[in-house]
Structures are given as structure tokens and as C-alpha cells.
Amino acid sequence: MDFSFTAVSYERPAFLDQALPAFPKSAGVYKIFDTRGRLIVLDKTSNLFERMERYFGPRSEKVRDLDLSLITSRIEFIRTFSPFEAAYVLYLERRRFFPKTYRKMRTFRFFTLMKIPRRQRFPRIYASRDIRAGADYFGPFDSRHQFNRLKTLLERTFKLRPCLYDIRGGDPHPDCMYFQMHTCSRPCNNDIDRPGYLADVDAAIAFTEGRDEDITQPLMEKMQTLATEMKFEEAERAHRQLERIRRARSEWTAVLRSLWKFDCLAVLPSDSAAACTIAFVRAGAIVGFKRYPLCDLGSLLTKDLERCYAEPAPSVDREQQYDEFCLVCNFPDELLPISGDIVAAVERRLEERRRRPRA
318 MDFSFTAVSY
328 ERPAFLDQAL
338 PAFPKSAGVY
348 KIFDTRGRLI
358 VLDKTSNLFE
368 RMERYFGPRS
378 EKVRDLDLSL
388 ITSRIEFIRT
398 FSPFEAAYVL
408 YLERRRFFPK
418 TYRKMRTFRF
428 FTLMKIPRRQ
438 RFPRIYASRD
448 IRAGADYFGP
458 FDSRHQFNRL
468 KTLLERTFKL
478 RPCLYDIRGG
488 DPHPDCMYFQ
498 MHTCSRPCNN
508 DIDRPGYLAD
518 VDAAIAFTEG
528 RDEDITQPLM
538 EKMQTLATEM
548 KFEEAERAHR
558 QLERIRRARS
568 EWTAVLRSLW
578 KFDCLAVLPS
588 DSAAACTIAF
598 VRAGAIVGFK
608 RYPLCDLGSL
618 LTKDLERCYA
628 EPAPSVDREQ
638 QYDEFCLVCN
648 FPDELLPISG
658 DIVAAVERRL
668 EERRRRPRA
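Below you can see the structure in the form of C-alpha cells.
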């Protein structure tokens, strides 16, 4: 979607009489340029008219001790129809004008991700705020405390190693507290091989994604088979593992998706009651932003869904992918996961929005 800004030249008498009253009294993103054509203000507001009146009206305010009415040559603005759209447009403009420093401008909240690097021989769990290939990422976490809770729970339930050693196997660390307490499966001591350890990692990932049945059902079948074969000690170990998983679920009920599977639509208001705006999110990155007339929504959206999600994913900058993932996660109520009849889900969401009483 092309975000086209409206440009307004600034000459004080004519601006106050003609241009200022024409500014919309609605939300938007605006840019102010000085007499040399340099951008001096880039921000969003809930009321464009009031913001311009505050800067350039008869009782104008100074911005950081600058009188904008003396140094402004033109103003550009665009109306936005949802907080999501305003945050996204502002983010894109900051990224365009300030490519080296835009990430320091807190346009929206950043989140912690849980990282499991697949390239490690015996992976451990990390907190991360950047994205790289060869690792699984899960989130978002509202706080580091929330991340630490899940990390500790997964390590204790599935005996994943918390240590910071570079474990290759056959290199025991008897001075390690976790080694002495048997709180991990001790891959450094060859107590478990790599396939067995990776199976535990896969079980931890399934737990994180809420696929408890994929973990508990094989354990129950294994327990019954061992009991039938009179291997009661091994059956008891499987039973204890099953109880640990059930206890962990009672402590942690949230379900987190993998970043690489974070495909969804953000269904947003538009400039008309007969239209809507939809943002396409693939692997956490925004890959499309389009306005749809409601009368042709089904056919148009179906074609765009095939184009966005059936074709191979486009390559994206990893920093931008993380930024856009965090932006999207700031608006969870707007999101619809890509599953089932997504077109019908969008239509239901729009119907619910129409029936919702206005504040």
C-alpha cells in the first residue's frame, strides 16, 4: 500500500486563513520541513488540526525552544484510521529518514524473544532481541521476568541444560552446580546422546506452542507398553515425566507461536464504513498493507492470501523483521491467525466491529 502524504506550503498569513482550517480533525502522521528543505519534525497525533494550531496558530508553542512559524517551509501529513496504521506509517517514515538511528526512536514497545539455536550440538535457551537464521524464536514476552519463568520451567521439566559451557559431549564439568544436582540430563557426561537431547528440545517447543497432546500421548503409550513388559521402573520414570508436564502446564497456561510460523492478518478500520484495511504478516514481518471494499472482500482477499502465503517467503532484513514483529504484537486484539477459513474469520471480525457500540 502506498502511503501518500498531502503537502501544504507554509506562508504564515495564507496558512492561517486557508490551509490551517482545512487540516482534518482526526489522527495522522505529519512531517515539518524547514526553509532549507530539511525534516525537523516527524511525529503522529490523534488530531492533526489541533497539533498544527498548537505549532502555528495565533497562540503557537515553541518546540524545543524553536519557533516553527519562523523556520517552516512546508508541512506534509497523512490521515490514519487506527493506532496500528499510525504506528506503522511513523515507523516506515523514521526508517526512511533516519536509517542509522530509527531503532532508537521508541515508536512502539519492543519485546523479548526466547531463542533456541538449532546449530548448537546441545541447544540451550536464551533471551534475545535480534533474529538470526538457524534458530527458533518464540514470543512475545512482556517482561524479562516472564521469560525467566518459562525458561526455568522448561529446563526443569525437560531437563535442558542451563549452563553456559560449550558442550560437545564427553567433556564433563563436575564443578557445575547443575551437574552435581542432576537438574539437567548432563549431555557433557554423555548421559544422553544428541538425538535424545534434541527430542527433549522438540518436546519443550511443543509445550511452548501448546501442543501438549504431542508430548503426553507418546508418554502414555510408552508407559503402558513398559508396564505390559513388566518394566515397572522405566514405566515409573515415564509416569513421573508425564506428571512433570501436567504440573508445568498448570503453572504456565500461555501459548506462544514460533516467529517463523507467526502468520496472521491485522484487520483494521479504513476511511469508509464500506471498506477495511488489512495488514498481511508473515513470519512476523509485514509483507502487505491494503485497503479492500467490503463488497468484493472475499474474492480480492482470497487472491492476495494465495500470493502472500503460498509463494516462498521474501527475504527480509532481520532487524526490520524483529521491529515489525514487535509492532504487530503491540496490537494483539487486531490479529487473526492464518488458519481454517480465514476469509470467513475476517468477515466475522468486521461484523463484530459493526455491532460494537461506539464510545
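If you're matching positions, the sequence shown starts at 318 in our numbering and goes up one per residue. A virtual CB, placed ideally from N, CA and C, is assigned to each residue, including glycine. Note that the structure is a prediction, hence the values are computed from the model and not measured.
So for residue i, helix, strand or coil by DSSP?
i           : result
residue 456 : strand
residue 660 : helix
residue 348 : strand
residue 422 : coil
residue 400 : helix
residue 537 : helix
residue 478 : coil
residue 567 : helix
residue 468 : helix
residue 406 : helix
residue 518 : helix
residue 496 : helix
residue 431 : strand
residue 573 : coil
residue 394 : strand
residue 386 : helix
residue 483 : coil
residue 357 : strand
residue 327 : coil
residue 552 : helix
residue 444 : strand
Here's a check: name, in chain order, each residue in its chain whose Cβ is nearer than 7 Å to the Cβ of residue i, leaving out the five neighbours to either side.
i           : result
residue 653 : 581, 582, 584, 659, 662, 663 and 666
residue 479 : 441, 472, 495 and 501
residue 461 : 429 and 444
residue 476 : 501, 502 and 517
residue 507 : 486 and 487
residue 566 : 529
residue 543 : 551, 552 and 555
Pull up the CB-CB distance for residue i and residue j, whole angstroms please, since I reckon it's below 8 Å.
i           : j           : result
residue 456 : residue 428 : 6 Å
residue 533 : residue 573 : Rounded, the Cβ-Cβ distance is 19 Å, inconsistent with contact.
residue 410 : residue 365 : The pair is not a contact, with the Cβ atoms about 15 Å apart (cut-off 8 Å).
residue 561 : residue 474 : 5 Å
residue 425 : residue 404 : 5 Å
residue 625 : residue 609 : Residue 625 to residue 609, Cβ: 14 Å. No contact.
residue 638 : residue 600 : 7 Å
residue 642 : residue 576 : 6 Å
residue 348 : residue 393 : 4 Å
residue 453 : residue 435 : 6 Å
residue 559 : residue 540 : 7 Å
With a CB to CB cut of under 8 Å and the five nearest residues on each side skipped, what residues in its chain are close to residue i?
i           : result
residue 406 : 320, 346, 361, 395 and 397
residue 374 : 333 and 337
Which same chain residues, not among the five before or five after residue i, have their C-beta less than 6 Å away from its C-beta?
i           : result
residue 385 : 372
residue 368 : 362
residue 325 : 336 and 392
residue 633 : 602
Cβ contact check for the segment 392-406 and the segment 583-596: 3 or more pairs under 8 Å: Verdict: yes, contact present.
The segment 605-617 in contact with the segment 419-431 per 3-pair CB rule at 8 Å: Output reads no: the segment 419-431 does not touch the segment 605-617.
Contact between the segment 593-610 and the segment 384-392 is defined here as three or more beta-carbon pairs at a separation below 8 Å; is this criterion met? Result no; under three Cβ-Cβ pairs closer than 8 Å.
Quick one: which unbroken alpha helix (DSSP H) runs of 4-plus residues sit fully inside the segment 576-664? Chain order, please. Runs of the alpha helix (DSSP H) inside the segment 576-664: 614-626 and 635-646.
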